[in-house]
Each structure stands twice: as C-alpha cells, then as structure tokens.
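Chemist:
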Amino acid sequence: MVRDGEIQRKNKTDGTITFIRFDTYSLDSATFSPAVSAGYRPKDQPTGYLLAPDVNDGDYQSRPERYAQELHRRFSDPLYPLAMVMVALFFTANARSNRQEAGAALILAGLTAFGARAIGFVITGNIGGSSIMTVLAYGFPFATIVLYGGLLFSGYRIDGLARMVLDIGNRATAFAARFRPSPKVSP
Numbered sequence: 006m007v008r009d010g011e012i013q014r015k016n017k018t019d020g021t022i023t024f025i026r027f028d029t030y031s032l033d034s035a036t037f038s039p040a041v042s043a044g045y046r047p048k049d050q051p052t053g054y055l056l057a058p059d060v061n062d063g064d065y066q067s068r069p070e071r072y073a074q075e076l077h078r079r080f081s082d083p084l085y086p087l088a089m090v091m092v093a094l095f096f097t098a099n100a101r102s103n104r105q106e107a108g109a110a111l112i113l114a115g116l117t118a119f120g121a122r123a124i125g126f127v128i129t130g131n132i133g134g135s136s137i138m139t140v141l142a143y144g145f146p147f148a149t150i151v152l153y154g155g156l157l158f159s160g161y162r163i164d165g166l167a168r169m170v171l172d173i174g175n176r177a178t179a180f181a182a183r184f185r186p187s188p189k190v191s192p
C-alpha cells in the first residue's frame, strides 16, 4: 500500500505523459516478479539434495558436473583448516626468541598456508567430472596434513629460516627488477 504519491504514465503510441495523484494506492507485487522461477544453484541446495538430486531438475540435467563439484567441495573443505593448523604448528612449534627467526617462521607459515589453500581452490574449481581432480580434492589437503604433521611429530627443525626468507625476497626483487624500465640518462 502506497500513500500520498504521484504516478507518471507514458502512452506508448503518442508519447503523452499522464500524471495521476493519489492518497492511497495498492500495488500487486506479483506483477513485478518474473513468471518463471530462477531455481536454485548447486551451492544453494542442501547436501542431501546434492547426494541424490532430482533427475527431472532442468539445472541438474544441463550441468550435472556442477552438482558433483559442489558436493566434493563441501566434503573436502573441512580438511583445509586441519591442514592449516599442521602448517602453522610445524613452523611455530620450536621455541624461538625474536632473534631466532620467529618472524620468518610466521611469514613462511602464512605463505605456505596461503599457497596450499590457493591450490585447493584451483583443484575444487576444476573437478567437473575429472576423477583425478576429485581424488586431488581430498588427497591434497590430506597429504598436507600428513606431511606437516609428520614433520612436526618427527621433531624435524628448519634452521636458517630468516636466511631462506631473505633469499626468496632477494630473488623476487631481482626478478621484478627485470621488468622495470631502465632510467633514461639525459646528456
């Protein structure tokens, strides 16, 4: 219900505009909605539906790989927090003072976790019916958990982290310097 307003209507045949002033005006919102429902995308569906989708669903018929992709994403995503915990614990488990590379360990842990998750996004984004990517969707985070958990519990220690991070930074700077324009020298 709209109160105290004005509507402008334009006649499509001759282009004249009519002003209608009203005290109260009732609108039927159904006239503004589309006649056909947009439907649900796979990420909007409950997990139970993804496990056994309706074979008569038009969206499922046109893109069944999206439903499988979403299902595998939902089941593999919870593995990544565990992988990130193992990465963080491995790089920060050894007691260090500020002079003993604690900052470098945190930087390396963050970069490793970021890289692992980025690879995970690429894998789950490319499942789409590929059995290799489906195996990798679960295998990669599990391998990360096993690798860093094994290194952590074996007592393996990375020495020289600050030197390693500094070396990576120097290499990145040298690589970026190749793409900078050389300064022009005026005579």
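Using our numbering, the letters of the sequence shown correspond one by one to residues 6 to 192. Where a beta carbon is used, it is the ideal one built from N, C-alpha and C, also for glycine.
Would F27 pass as an interface residue toward chain C - the criterion being a Cβ-Cβ separation below 9 Å?
Modeler: Looking for chain C here will not work: only one protein chain is present.
Chemist: Short of 8 Å in beta carbon distance, which residues of its chain neighbour Y85, apart from the five on each side in sequence? Order them along the chain.
Modeler: Sequence index remark: in the sequence shown, residue 85 carries index 80 (1-based). Same-chain partners within the cutoff: A121, R122, G125 and P146.
Chemist: May I have a chain-ordered list of the beta strand (DSSP E) segments no shorter than 3 residues that lie completely inside the segment 17-83?
Modeler: 22-30
Chemist: Is I132 near Q74, with beta carbons less than 9 Å apart?
Modeler: Reading the sequence shown from its first residue, position 127 is the one you call residue 132. Reading the sequence shown from its first residue, position 69 is the one you call residue 74. Yes, they are a contact pair.
Chemist: Could you compute how far the alpha carbon of A93 sits from the alpha carbon of G115?
Modeler: Counted from its first residue, the sequence shown places residue 93 at position 88. Counted from its first residue, the sequence shown places residue 115 at position 110. The straight-line gap from Cα to Cα measures roughly 8 Å.
Chemist: So, helix, strand or coil for R183, using DSSP?
Modeler: For the purposes of this step, residue 183 is taken as the residue at position 178 of the sequence shown. DSSP places R183 in coil when its eight states are reduced to three.
Chemist: Using the rule of at least 16 other Cβ atoms within 10 Å of the residue's Cβ for burial, across every protein chain shown, is P47 buried or exposed?
Modeler: Numbered from its first residue, the sequence shown carries residue 47 at position 42. So P47 counts as buried.
Chemist: By the DSSP assignment, the beta strand (DSSP E) with I12 in it spans what residues?
Modeler: By one-based count along the sequence shown, residue 12 stands at place 7. Looking at the DSSP string, the run of the beta strand (DSSP E) that includes I12 is V7 to K15.
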